[in-house]
Structure formats: C-alpha cells, structure tokens
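In this note's numbering, the protein residues as written are 2 to 104. Note that beta-carbon positions come from the ideal geometry of N, C-alpha and C, so glycine has one too. A short worksheet on the structure shown next.
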Amino acid sequence: MRIALAMVLATSTAAYAQISSNPISVPEVVPIPDGLSQVTAIKVTDVAEEYKIAKKMKLRPMSQSLVTTGGYYDVLNCVDAAGKPRELWFDIGSFFPGSYQTK
C-alpha cells in the first residue's frame, strides 16, 4: 500500500511540476473603439467621417480640438439629445499632415 501511495504521489508531483512550469497565456485585452477617450479613439480616414459618426450616434458637434500628445487625435465636443456634453475622440494618425514623420 505504501509503495502504491508513493508511486501516486511521485507521478502527480511530476505531472504538477510539468504543468506549472508552462505559464498560462492570457489573451491581450484590446479596448473597444467607442471614442470615449484617447485610448478608445475611433480610427477614421478623414474629418468628414468624424461628423458622420457623430451624426449616427445622435450627437451634435459644438467644437473640434486637435490633440497631438501621444498621437494625433481630433476631439469633437458634442451634446446629446438631452443636452448633456460629450467628448468624442478620433484617431487621425492615418491622414494628419506630419503624422507619417513619427512612424
């Protein structure tokens, strides 16, 4: 009985050591491009596309700002149907003049 128990322990310990030496790969978390922040900015190919997206989201653009920290972004300051202010971030790095120089 002791020999059988020793064999089970030795086998299970070796199997555990083999499993635990292989790290579990965790999938990378990719943010959803919802336009709520710089991290989740929506990639666009031109400025007109920004306004089309805002319209589809039922937002009324009030002003537009350029942000060049950490990339090239347009920020539309909008209001929703209830009059609540909302920022909508767009990644314009694919077409903004000068953005190609940093790549």
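What residue range does the alpha helix (DSSP H) around residue i cover?
i   : result
V48 : V48 to K57
For residue i, I'd like the list of residues in its chain whose CB is within less than 7 Å of its CB, leaving aside the five on either flank, ordered along the chain.
i   : result
A42 : P34, G36, Y74, W90, F91 and D92
P32 : V40 and T41
F96 : T46 and D47
Beta carbon of residue i, beta carbon of residue j: below 8 Å?
i   : j   : result
L67 : E51 : no
P98 : C79 : no
M83 : K59 : Per the sequence presented here, residue 83 reads as Ala, with Met not at that position. Contact flag unset, no.
With residue i as the anchor, note down where its beta strand (DSSP E) starts and where it stops.
i   : result
Q39 : First-last for Q39: undefined, no H or E at that position.
Y74 : Y74 to V80
Please return the same chain residues whose Cβ sits closer than 6 Å to the Cβ of residue i, not counting the five positions on each side in sequence.
i   : result
K44 : D92
Beta-carbon within less than 8 Å of residue i's beta-carbon, same chain only, minus the 5 sequence neighbours each way: which residues are those?
i   : result
A55 : R61, P62, L77, C79 and L89
V30 : none
G71 : Q39
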